[in-house]
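Visitor: Residue numbers (the numbering used here), protein chains in the order written: chain A, 485 to 831; chain B, 113 to 437. Pasting a structure here, questions to come.
Right, here's the structure in full:
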């Protein structure tokens with residue numbers, strides 16, 4: 485391990501120099517909305533989401549399928565389909581208000597320069613007729629207009645960081661196993677020194693041991709380079725490998741934003757409590773619980789709290805829109821009327 | 113063979129032949145190699161393995177969907193050899209598929225889906241069949257039954273679809289259920305519900321169940337006995353507690369190390385897992401199939417000779433040279 489860390493530190497000079505670990509504000513999302521138009525009406529995929537991510541911190545976005553996790557990622561990265569009905573809010577990345585940028589300026593300044601993404605099942609999206617090494621170097625050639633030799637050298641460094649043997653760069657994607665292809669995709673996201681990488685289910689299609697190996701590589705990158713991650717997943721147990729903060733989404737809204745210690749051990753929102761109690765554990769002996777019922781349709785979400793129909797602790801006030809409360813000494817945010825007495829209203 | 117044994121598998125091998133080039137024989141994918149076990153009436157058994165470890169092939173071979181290359185399968189003491197036996201076997205074995213949406217025909221409503229197995233097997237009169245459909249829907253808690261009878265699969269949620277699949281497996285009153293990753297496509301909150309439902313049904317009808325999964329953390333909630341498979345071989349067998357707290361095979365140990373429990377402390381430490389990937393099954397490694405990745409490898413033994421099953425403790429079998437004495 486220590487030998488490996490040494491190796492990574494020496495390599496980090498080229499790839500990681502953009503990152504510094506000061507703990508300032510890296511990403512601030514305020515009142516973000518993303519609605520889609522469909523034939524059956526408007527889907528409220530991301531509804532008034534606000535959170536802040538500090539430098540060098542990683543956040544896990546957890547929630548059931550269809551709760552808007554991937555839509556949130558796409559809204560931050562502005563990778564939008566054509567049927568957008570409403571896209572507004574404030575996204576400040578590294579001091580730049582990205583929502584004010586034009587499409588072209590966003591592409592040139594933000595995407596892949598400061599912010600990159602590993603999307604779901606991306607390992608199957610590698611171009612089959614190009615060598616892996618070229619595909620890793622390509623963002624540098626396009627975004628930084630870097631000379632070829634230099635770009636390839638950087639691609640090699642990135643490959644080493646993620647544990648991809650350097651001779652694999654000469655190969656084509658079909659010659660690589662699933663785990664190696666996934667590493668190549670992560671190397672591609674890393675090669676331009678972004679400040680923030682959004683990982684959308686980066687290991688869900690992989691075997692358990694390969695998954696653990698890739699999580700190790702990501703952890704090393706996080707510790708050594710100070711890159712921040714936003715990890716989107718429905719696998720609660722695996723997400724705890726990387727997360728400093730936990731964002732829990734339900735039906736398009738952010739219901740809880742807390743530090744890992746609170747988020748995994750003592751979640752605040754009733755939905756978060758139900759979600760954590762439903763995670764099977766290997767070593768701990770405890771009975772599992774489940775949340776009865778279905779998440780609501782995002783076409784016509786219920787008025788008031790969106791979780792109220794499934795909530796064991798609902799009361800009259802839940803019919804109103806629940807505000808966000810700030811509770812706890814570390815500033816956890818929770819969207820639930822239960823914290824009206826203990827928390828301070830946050831807006 | 114003693115009385116309680118329902119299914120017995122002896123030295124089962126399933127190889128898939130690779131595509132031939134002219135007259136040349138290109139070789140085999142050795143998906144399953146020398147697997148033997150007994151399953152008793154009313155017993156739940158879990159097979160854990162990564163993708164490509166042969167767990168689905170084991171299931172398909174037992175169901176007669178793939179012919180075995182070598183070895184024998186006995187069901188209720190009778191050897192399964194001819195097509196007639198396979199048809200009879202399938203009547204007493206229910207199959208729960210992995211992807212509920214893919215397993216349900218989109219053009220049939222729930223009532224039709226559940227009637228189909230009885231119609232095909234010419235069981236009961238029309239009224240008896242209708243009554244059985246209602247009974248089985250109540251058993252999987254799709255109530256009130258009338259709300260669900262005429263729904264099509266796309267109108268149901270993932271959890272409800274999986275309940276229909278389970279109901280279909282139960283409709284012929286089988287003696288055994290085989291479930292191939294029944295909860296892997298479902299959300300965490302629904303997963304538990306389905307596992308508990310399957311467990312309840314298993315106890316209620318005293319069914320034998322083979323449950324296949326890649327997720328060792330769900331096993332505890334379902335069965336007593338666990339098989340660990342690696343690269344087509346059964347490498348360790350024990351009860352769940354023993355596997356979790358006292359694993360013997362180096363592969364099982366690595367697997368346990370790789371599976372996280374939700375714990376914020378995880379982000380502070382690295383997992384000690386072996387690098388590399390499972391081997392190709394066309395040319396599997398000589399000797400023990402795990403030896404190229406194994407940290408406890410014994411030179412000139414593990415890479416040469418295939419380890420037999422050792423039983424260092426009662427009810428604990430392991431295929432590893434470390435436990436020779």
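We treat Cβ as the ideally placed atom computed from N, Cα and C, and that holds for glycine.
1) Tell me which same chain residues have a C-beta within less than 6 Å of the C-beta of residue 339 of chain B, skipping the five on either side of it?
2) Excluding sequence positions up to five away, which residues of its chain have a Cβ less than 6 Å from the Cβ of residue 823 of chain A?
3) Identify, in the order they occur along the chain, each residue of the same chain with its Cβ nearer than 7 Å to the Cβ of residue 142 of chain B, setting aside the five sequence neighbours on each side.
4) To the nearest whole angstrom, what separates the beta carbons of residue 387 of chain B and residue 378 of chain B, a pair I think is in contact under 8 Å?
5) With distances taken Cα to Cα, identify the nearest neighbour of residue 777 of chain A among A/764, A/766, A/758, A/787.
6) Listing by chain order, which chain B residues have their CB less than 9 Å from the CB of residue 758 of chain A?
7) Does the distance between the C-beta of residue 672 of chain A and the nearest non-hydrogen atom of the ligand SAH fall short of 7 Å?
8) Give the secondary structure of residue 261 of chain B by DSSP, where H, G and I count as helix, E and B as strand, and everything else as coil.
9) Are the C-beta of residue 661 of chain A and some C-beta of chain B separated by less than 8 Å?
10) Could you give the distance in angstroms between the alpha-carbon of residue 353 of chain B and the alpha-carbon of residue 232 of chain B?
11) Using a Cβ cut-off of 8 Å (strictly closer), state whether residue 650 of chain A contacts chain B.
12) Give the straight-line distance between the Cα atoms of residue 139 of chain B and residue 129 of chain B, rounded to the nearest whole angstrom.
13) Suppose only complete runs of 3+ residues qualify. What are the beta strand (DSSP E) ranges in the region 653–698 of chain A, listed by chain order?
14) Which residues in the same chain have their Cβ closer than 7 Å to the Cβ of residue 796 of chain A, if we skip the five residues on either side of it in sequence?
15) What residue does the beta strand (DSSP E) around residue 150 of chain B start on, and which one ends it?
16) Assuming residue 357 of chain B is part of the beta strand (DSSP E), what are its boundary residues?
17) Kindly list the residues whose CB is nearer than 7 Å to the CB of residue 125 of chain B, restricted to its own chain and excluding five residues on each side of it in sequence; keep chain order.
18) Please decide whether residue 367 of chain B counts as near chain A, where near means a Cβ-Cβ distance under 8 Å.
19) Tell me where the beta strand (DSSP E) around residue 534 of chain A begins and ends.
20) Touch check for the region 607–618 of chain A and the region 534–541 of chain A: three-plus C-beta pairs under 8 Å?
21) Look up residue 611 of chain A in the DSSP assignment and say whether it is helix, strand or coil.
22) To the nearest angstrom, how far is the alpha carbon of residue 417 of chain B from that of residue 431 of chain B?
23) Give me the subset of the region 314–330 of chain B whose CB atoms are less than 9 Å from a CB atom of chain A, sorted by chain position.
24) Compare the C-beta of residue 505 of chain A against all C-beta atoms of chain B and say whether one is closer than 8 Å.
25) Could you tell me which residues DSSP pairs with residue 238 of chain B in its beta bridges?
26) Touching or not, the region 663–677 of chain A and the region 619–639 of chain A, by the rule of three or more beta carbon pairs under 8 Å?
27) Please tell me whether residue 305 of chain B has its Cβ less than 8 Å away from any Cβ of chain A.
28) Expressed to the nearest angstrom, what Euclidean distance is found between the alpha-carbon atoms of residue 123 of chain B and residue 175 of chain B?
29) Are the region 733–748 of chain A and the region 362–371 of chain B touching by the rule of at least three beta carbon pairs closer than 8 Å?
30) To the nearest angstrom, report how far apart residue 239 of chain B and residue 286 of chain B are at their CA atoms.
31) Answer with buried or exposed for residue 461 of chain B, where buried requires no fewer than 16 other C-beta atoms within 10 angstroms of its C-beta.
32) Within the same chain, show all residues whose beta-carbon is closer than 7 Å to that of residue 370 of chain B, passing over the 5 residues directly before and after it, in chain order.
33) From the beta carbon of residue 370 of chain B, is the nearest beta carbon of chain A less than 8 Å away?
34) Under 8 Å Cβ-Cβ, which residues of chain A neighbour residue 418 of chain B?
35) Taking contact to mean at least 3 C-beta pairs separated by less than 8 Å, is the region 761–769 of chain A in contact with the region 296–308 of chain B?
36) So, helix, strand or coil for residue 711 of chain A, using DSSP?
Guide: In this structure, then:
1) 159, 346, 349
2) 809, 811
3) 127, 344, 393, 396
4) In fact, because the Cβ distance is near 20 Å, the residues do not count as touching under 8 Å.
5) A/758
6) 301
7) Among the ligands in the structure shown, none appear at all, so the ligand SAH cannot be discussed.
8) helix
9) yes
10) 42 Å
11) no
12) 6 Å
13) 680–684
14) 754
15) 140–152
16) No beta strand (DSSP E) holds residue 357 of chain B; the alpha helix (DSSP H) holding it covers 352–357.
17) 144, 145, 146, 180, 181, 182, 183
18) yes
19) 525–538
20) no
21) coil
22) 12 Å
23) 326, 327, 328, 329, 330
24) In this predicted model, residue 505 of chain A has a pLDDT of only 45, less than 50, meaning its place in the structure is not dependable; the value taken from the coordinates is given anyway. Cβ-Cβ to chain B under 8 Å: no for residue 505 of chain A.
25) Residue 238 of chain B pairs with nothing; no bridge assigned.
26) yes
27) yes
28) 16 Å
29) no
30) 20 Å
31) Lying outside 113 to 437, the shown extent of chain B, residue 461 of chain B is not represented and no answer is given.
32) 383, 385
33) yes
34) Chain A residues near residue 418 of chain B: none, gap ~22 Å exceeds 8 Å.
35) yes
36) coil
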